[in-house]
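Undergrad: Quick one: the structure is below, and I'll ask about it shortly.
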Amino acid sequence: MKKLLNIIYEENYSDICSLNMYLPDVGTSFPVFIHFHGGGLENGSKDDVADLLNITSKGIALVSAGYRKYPDAVYPEFIEDAAKAIAFVKEYGEKHNLFSSIYVGGTSAGAYLAMMNYFDTSYLGRYGLLPDSIDGWVFNSGQTTVHFNVLRERGVDTRLVRIDDAAPIYFIDHDMDFSNHSRLLFIVAENDMVNRLEQNRLLLKTMEHFNYDMSKVSYKFMNGYGHCNYPIAEIITKFIITGELIRSNPNI
């Protein structure tokens, strides 16, 4: 595995907005998975990738990106950073002929960032990119309503369920065009955070109601697990390499 560490993608915040690339030993062009770490938008690090490093042995490159967090950031700076990182990696890959396909995802708060960049097209649109130009997206236990720490920034109870333009589900407001629909993977746990499983169920049903192509939507129900305390490298490898539809619980 070849490591390219601390590559700056935003010069104005070079101490924070950097990413690590982990490239497979074999081959010259690979699928890449861009991952945003969890931590409630206030903790966590791009170096927290122990399990995900296993995907490199399967011929998939891994990019782990840092982003601005509370208390130094305000909404929507962390979402903007994620968009900038995605655009940077795409351009970097094209320049060096590195990546055969691009997948984007995150864990917990990182999944919220990924969801916002998928469902709200304005963030990637600033870079001339459409979210559906990305080959696939992975949302590992992301909050589909307004993130609890965005609620805290607003000075309201973090337990509230709010849907506005800071919520991924808010942007499911028109029928989906099947012709350019990215593949999507949702991962949630049986004993996840309060409301997290239910919120993901609501988002999936809303997608179905607005005619998303559910044959391109996979979901993995982690039976017996709590919030993000399970390995995901094997799941992501299967999603990227085989393209197989993952349906582990029809009642999600």
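If you read the sequence shown in our numbering, its first letter stands for residue 1276, the second for the next number, and so on.
Cβ atoms here follow ideal geometry from the backbone N, Cα and C, with glycine treated the same way.
1. Could you tell me whether the Cβ atoms of residue 1333 and residue 1512 are closer together than 8 Å?
2. Along the chain, which unbroken stretches of the beta strand (DSSP E) at least 3 residues long are found entirely within the segment 1394-1435?
3. Measure from the alpha carbon of residue 1433 to the alpha carbon of each residue in 1359, 1421, 1441, then state which is nearest.
4. Looking at the structure shown, is residue 1364 part of a helix, part of a strand, or coil, going by DSSP?
5. Exposed or buried, residue 1452, counting other C-beta atoms within 10 Å across all chains shown (16 or more means buried)?
6. Output the residue ranges of the beta strand (DSSP E) runs that lie fully inside the segment 1479-1504 and measure 3 residues or longer, sorted by chain position.
7. Smallest Cα separation from residue 1338: which of 1501, 1352, 1319, 1306?
8. Please list, in chain order, all residues of the same chain as residue 1438 whose beta carbon is under 8 Å from its beta carbon, the five residues on each side excluded.
9. Could you tell me which of 1516, 1457, 1465 sits nearest to residue 1504, measuring between CA atoms?
10. So residue 1283 is in the beta strand (DSSP E); what residue range does that whole segment cover?
11. Could you spell out where the beta strand (DSSP E) holding residue 1382 opens and where it closes?
12. Please name the residue, chosen from 1281, 1310, 1315, 1399, that lies closest to residue 1327 on a Cα-to-Cα basis.
13. Going by other Cβ atoms of all chains shown within 10 Å of its Cβ, with 16 needed for buried, is residue 1391 buried or exposed?
14. Measure the alpha-carbon distance for residue 1220 versus residue 1312 and round it to whole angstroms.
15. Would you please state the rounded distance, in angstroms, between the beta carbons of residue 1460 and residue 1413? I believe it to be under 8 Å.
16. Using the C-alpha atoms, what's the distance from residue 1289 back to residue 1367?
TA: If we stick to the structure as given:
1. As a first step, residue 1333 is located in the sequence shown; it is residue number 58 there, counting from the start. As a first step, residue 1512 is located in the sequence shown; it is residue number 237 there, counting from the start. One thing to note: residue 1333 has its Cβ within 8 Å of the Cβ of residue 1512.
2. 1411-1415
3. On the sequence shown, position 158 is the one that residue 1433 refers to. Among 1359, 1421, 1441, the Cα nearest to that of residue 1433 belongs to 1421.
4. In the sequence shown, the residue the question calls residue 1364 occupies position 89. Helix at residue 1364.
5. Taking the sequence shown and counting its residues from 1, one reaches residue 1452 at position 177. Exposed, by the Cβ-count rule.
6. 1492-1501
7. Along the sequence shown, one-based indexing puts residue 1338 at 63. Closest by alpha carbon: 1306.
8. The residue you call residue 1438 lines up with position 163 of the sequence shown. Excluding sequence neighbours, residue 1438 sits near 1420, 1421, 1444, 1445.
9. The residue labelled residue 1504 in the question sits at position 229 within the sequence shown. Checking every option, the nearest Cα to that of residue 1504 belongs to 1465.
10. Within the sequence shown, residue 1283 is the residue found at index 8, counting from 1. It spans 1277-1283 - the beta strand (DSSP E) in which residue 1283 sits, taken as one unbroken run.
11. Locating residue 1382 in the sequence shown gives position 107, where the first residue counts as 1. It spans 1374-1382 - the beta strand (DSSP E) in which residue 1382 sits, taken as one unbroken run.
12. What you label residue 1327 is simply residue 52 of the sequence shown in a count that begins at 1. When each option's Cα is compared against that of residue 1327, the closest is 1310.
13. Position 116 of the sequence shown, counted from the first residue, corresponds to residue 1391. Burial call: buried.
14. What the structure shows of the chain is the stretch from 1276 to 1527, and residue 1220 is not part of that stretch, so it cannot be assessed.
15. Taking the sequence shown and counting its residues from 1, one reaches residue 1460 at position 185. Taking the sequence shown and counting its residues from 1, one reaches residue 1413 at position 138. Rounded, the Cβ-Cβ distance is 5 Å, consistent with contact.
16. To locate residue 1367, count along the sequence shown from 1; it is residue 92. To locate residue 1289, count along the sequence shown from 1; it is residue 14. One C-alpha to the other measures close to 17 Å.
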